[in-house]
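To start, the structure itself, in structure tokens.
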Amino acid sequence: MRLPLTLPLAKVDAEGAYMSVSGPLASEWTTLSEGIGGAFHLDGRGLRRLPEERAELEIVLTQIRDRAALLEQGEVTAVDAHDYWLVSRLPADEPRGVTVFGAPQAFDAGDGAWIRRSLRAQLRRAVAQSEAAEAAGEAVELTVLALGASLAHIGEEMATAALRGMSPATYGGVDLVALVADGQVRQLLQPRSLPWAPTPPGR
Numbered sequence: 634m635r636l637p638l639t640l641p642l643a644k645v646d647a648e649g650a651y652m653s654v655s656g657p658l659a660s661e662w663t664t665l666s667e668g669i670g671g672a673f674h675l676d677g678r679g680l681r682r683l684p685e686e687r688a689e690l691e692i693v694l695t696q697i698r699d700r701a702a703l704l705e706q707g708e709v710t711a712v713d714a715h716d717y718w719l720v721s722r723l724p725a726d727e728p729r730g731v732t733v734f735g736a737p738q739a740f741d742a743g744d745g746a747w748i749r750r751s752l753r754a755q756l757r758r759a760v761a762q763s764e765a766a767e768a769a770g771e772a773v774e775l776t777v778l779a780l781g782a783s784l785a786h787i788g789e790e791m792a793t794a795a796l797r798g799m800s801p802a803t804y805g806g807v808d809l810v811a812l813v814a815d816g817q818v819r820q821l822l823q824p825r826s827l828p829w830a831p832t833p834p835g836r
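Take 634 as the starting number for the sequence shown in our numbering and just add one per residue.
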């Protein structure tokens with residue numbers, strides 16, 4: 634899904650060949666500085682997520698350089714761009730609509746200590762709910778913990794590393810742990826067995 638936005642671009646000096654960049658495009662400042670005449674600043678803070686494909690990103694970078702070539706010193710322009718977000722379509726028999734995970738501005742996806750604490754708490758909650766159901770006489774075939782995370786890219790998740798660093802006793806009562814983020818689902822803990830799986834021969 635593409636969400637349109639504009640990025641302010643200013644030419645601050647006629648000398649040099651450099652573009653300072655803020656926001657997610659900051660790591661591309663060397664590419665943006667190639668072949669330009671003058672000093673520029675690109676305010677890319679309005680951009681939240683870059684495209685997955687490098688080819689699509691190159692199109693954005695080319696558009697910015699092309700607009701920079703038209704500027705005179707002291708001029709500011711707006712470069713049209715898009716936020717690129719992945720959206721997964723649910724099966725036809727699922728509820729209609731879109732589910733979006735949000736997070737407060739203070740949320741830091743790179744805060745490993747907070748992620749470990751939160752994951753332990755959710756694992757304990759999942760085990761407690763499963764045990765309560767069994768105590769109430771309900772049949773529990775599989776205990777699954779599904780986590781939702783507000784991430785720009787699934788590759789940024791740290792829950793997998795957090796889980797691997799825990800004692801197996803912490804998650805021993807959970808059969809499957811899955812993370813939903815970036816329009817995708819990633820299994821953090823593979824199920825040991827599934828109640829609907831066929832019994833292997835000889836057992």
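Backbone N, C-alpha and C define an ideal beta-carbon position, used for all residues, glycine too.
Practice problem: Report yes if the CB atom of V693 is closer than 8 Å to the CB atom of F673, and no otherwise. | Solution: Numbered from its first residue, the sequence shown carries residue 693 at position 60. Numbered from its first residue, the sequence shown carries residue 673 at position 40. In this structure, F673 does not lie closer than 8 Å to V693 by Cβ.
Self-check item: 8 Å Cβ cutoff met for A742 and E789
Solution: In the sequence shown, counting from the first residue as 1, residue 742 sits at position 109. In the sequence shown, counting from the first residue as 1, residue 789 sits at position 156. Yes, Cβ-Cβ distance for A742 and E789 is below 8 Å.
Practice problem: Give me the Cα-Cα distance between L780 and W747, rounded to the nearest whole angstrom. | Solution: On the sequence shown, residue 780 is found 147 positions in, with the first residue counted as 1. On the sequence shown, residue 747 is found 114 positions in, with the first residue counted as 1. Spanning the two alpha carbons is a distance of roughly 14 Å.
Self-check item: Touching by the beta-carbon criterion (3+ pairs, under 8 Å), the region 698-710 and the region 752-759
Solution: no
Quiz item: Taking the alpha-carbon positions, what's the R698 to P637 distance?
Solution: Residue numbering aside, residue 698 sits at position 65 when the sequence shown is read from its first letter. Residue numbering aside, residue 637 sits at position 4 when the sequence shown is read from its first letter. Distance between the alpha carbons of R698 and P637: 19 Å.
Self-check item: Cβ pair P840, L809 closer than 8 Å
Solution: Outside the modelled stretch of the chain, which goes from 634 to 836, sits residue 840, for which no answer is possible.
Quiz prompt | Distance between L642 and A659 (C-alpha atoms, nearest Å) | solution = By 1-based counting over the sequence shown, the position of residue 659 is 26. By 1-based counting over the sequence shown, the position of residue 642 is 9. In a straight line, the C-alpha of A659 is about 13 Å away from that of L642.
Quiz item: Quick one: complete beta strand (DSSP E) runs, 3+ long, within the region 749-785?
Solution: 777-781
Exercise. Pick out whichever of R753, E774, A814 and A792 has its Cα sitting closest to the Cα of A802.
Key: Numbered from its first residue, the sequence shown carries residue 802 at position 169. Among R753, E774, A814 and A792, the Cα nearest to that of A802 belongs to R753.
Self-check item: Boundaries (first-last residue) of the beta strand (DSSP E) holding R635
Solution: Stepping through the sequence shown from its first residue, residue 635 is reached at position 2. Run containing R635: R635 to D646, per the beta strand (DSSP E) assignment.
Quiz item: What residues in its chain sit with their C-beta under 6 Å from that of A785, if we drop five residues either side in the sequence?
Solution: Here the question's residue 785 lines up with position 152 in the sequence shown. For A785, where only same-chain residues beyond five positions count, the Cβ hits under 6 Å are R682.
Practice problem: Look at L822 and V807 and say whether their C-beta atoms are less than 8 Å apart. | Solution: Residue mapping note: residue 822 aligns to position 189 of the sequence shown, counting from 1. Residue mapping note: residue 807 aligns to position 174 of the sequence shown, counting from 1. Closer than 8 Å, so yes.
Quiz item: Taking just the CA atoms, how far does V654 sit from W662?
Solution: To locate residue 662, count along the sequence shown from 1; it is residue 29. To locate residue 654, count along the sequence shown from 1; it is residue 21. Rounded to whole angstroms, W662 to V654 spans 6 Å at the Cα level.
Self-check item: Under 8 Å between C-beta atoms of I787 and Q817
Solution: Here the question's residue 787 lines up with position 154 in the sequence shown. Here the question's residue 817 lines up with position 184 in the sequence shown. Closer than 8 Å, so yes.
Quiz item: According to DSSP, is A659 helix, strand or coil?
Solution: Here residue 659 corresponds to residue number 26 of the sequence shown, with the count starting at 1. Here A659 sits in helix by DSSP.
Quiz item: Does the beta-carbon distance from I884 to A650 come in below 8 Å?
Solution: Absent from the structure is residue 884, since the part of the chain shown begins at 634 and ends at 836.
Practice problem: Keeping to the same chain, check which residues put their C-beta closer than 7 Å to that of L778; ignore five residues upstream and five downstream. | Solution: Counted from its first residue, the sequence shown places residue 778 at position 145. Excluding sequence positions up to five before and after L778, its CB lies within less than 7 Å of the CB of Q755, L756, A759, V807 and V810, all in the same chain and listed in chain order.
Exercise. Report the rounded CA-to-CA distance for P657 versus D744, giving the unit in angstroms.
Key: For the purposes of this step, residue 657 is taken as residue 24 along the sequence shown, with counting starting at 1. For the purposes of this step, residue 744 is taken as residue 111 along the sequence shown, with counting starting at 1. Going by the C-alpha atoms only, they are around 18 Å apart.
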